[in-house]
Amino acid sequence: MTAARVLVVVLVLSALALYLGPYRERQQDEAELAQIASVIAGRGVDVECPSTFASLTDVSSRDGSVEFRPDGTPADEAKLSSATCARLRSFLAGDVPGLACLAVEAHCSEEAERAAVAVNVLSHEAWHLHGVRDEAAAQCYALQTNAETALRLGASPNEAAAIASWIGRRLQPALPADYRTSACRDGGPLDLRPERTAWP
1 MTAARVLVVV
11 LVLSALALYL
21 GPYRERQQDE
31 AELAQIASVI
41 AGRGVDVECP
51 STFASLTDVS
61 SRDGSVEFRP
71 DGTPADEAKL
81 SSATCARLRS
91 FLAGDVPGLA
101 CLAVEAHCSE
111 EAERAAVAVN
121 VLSHEAWHLH
131 GVRDEAAAQC
141 YALQTNAETA
151 LRLGASPNEA
161 AAIASWIGRR
171 LQPALPADYR
181 TSACRDGGPL
191 DLRPERTAWP
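Residues 1 to 200 (our numbering) make up the sequence shown, in order.
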C-alpha cells in the first residue's frame, strides 16, 4: 500500500472515530433524558438532541418542542435544542457548579441559571408528552415537578430545591403570557398536590 493510500485510510478512520465518539455519548445521554421524561409522561418516550453537525446549524429559537397529531395526541419524542441538550449533558456529568446560589436572590453564574432553564425545558416538554397541550398548564405542572427532574439529573436535594425556587421566582414571571395562568397556584385547578400546603 502506498503512503498516499495509508494516509487516506488513516484520515477516514480518524474522521469516523471523531463522529462515532460523540454519537455514542449523545445516544447514551438521550436515553437517560428519555428515562427522566418518561416518568412525567407516564409512558415510554424519547428525547432527541441535534447531532454534532446539526448543532452547528441549529438556529431555532425554541428550547424544546413536542408535536401533536391531528387527533390531539402527542408524538412519542421531544426535540430539544443543542443548547438545552448541552446544559442537560453537563448536568448528567455532574459539571454544573454554583447551583446552591439559586436559592437566594443574589445574582448567580450564567451557567447555573441556564442549567436551571434547561431543567424546566425538560419538565415542560415531558408534560407535553404526557398529553398536556396547553402551554400554561404544561408550564404550571413543570413548576411543580422541576425539583424532581433536577434530582433525577443528579442534583442534590438542596440544589434541586434551589433550582425549583429560582425558576418560580425569576424565570416564570419573565415567560410570555401564554405560559402563565392564574389557575397555577396553591389549591388552584392545576395544583398537582392539593392536599399539600407547600407550593409548588
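Just so it is clear, CB atoms sit at the ideal spot from N, CA and C, and this is done for glycine as well.
Rounded straight-line distance, which links the Cα of residue j to that of residue i
i, j, result
"Arg69", "Leu88", "27 Å"
"Ile167", "Thr145", "11 Å"
"Ala41", "Glu32", "14 Å"
"Trp199", "Cys184", "10 Å"
"Asp29", "Pro176", "30 Å"
"Ala116", "Thr181", "21 Å"
"Pro97", "Lys79", "26 Å"
"Leu25", "Ala86", "As written in the sequence, residue 25 is Glu, which differs from the Leu given in the question. The straight-line gap from Cα to Cα measures roughly 12 Å."
Paired residues, beta bridge with residue i - DSSP
i, result
"Pro74", "Phe68"
"Val47", "Ala78"
Minimum C-alpha distance to residue i - residue among the options
i, options, result
"Val45", "Asp76, Gly187, Asp71", "Asp76"
"Arg152", "Glu25, Ala162, Gln35", "Gln35"
"Ala83", "Asp71, Asp186, Arg62, Gly72", "Arg62"
"Ala112", "Gly188, Arg193, Pro173, Ala164", "Ala164"
Beta-carbon contacts of residue i that lie in its chain and below 6 Å, excluding the five residues immediately before and after
i, result
"Ala150", "Val119, Ala160, Ile163"
"Ser51", "none"
Own chain partners of residue i with C-beta closer than 8 Å, once the 5 adjacent residues on each side are dropped
i, result
"Ala100", "Asn158, Glu159, Ala162"
Does the contact criterion of 3 or more C-beta pairs under 8 Å hold for the stretch 128-139 versus the stretch 90-102?
By the Cβ criterion, the stretch 128-139 is not in contact with the stretch 90-102, since fewer than three pairs of Cβ atoms, one from each stretch, lie closer than 8 Å.
Inter-stretch contact at 8 Å, needing at least 3 Cβ pairs: the stretch 102-110 / the stretch 118-133:
The answer is no - the stretch 118-133 does not touch the stretch 102-110, with fewer than three Cβ pairs under 8 Å.
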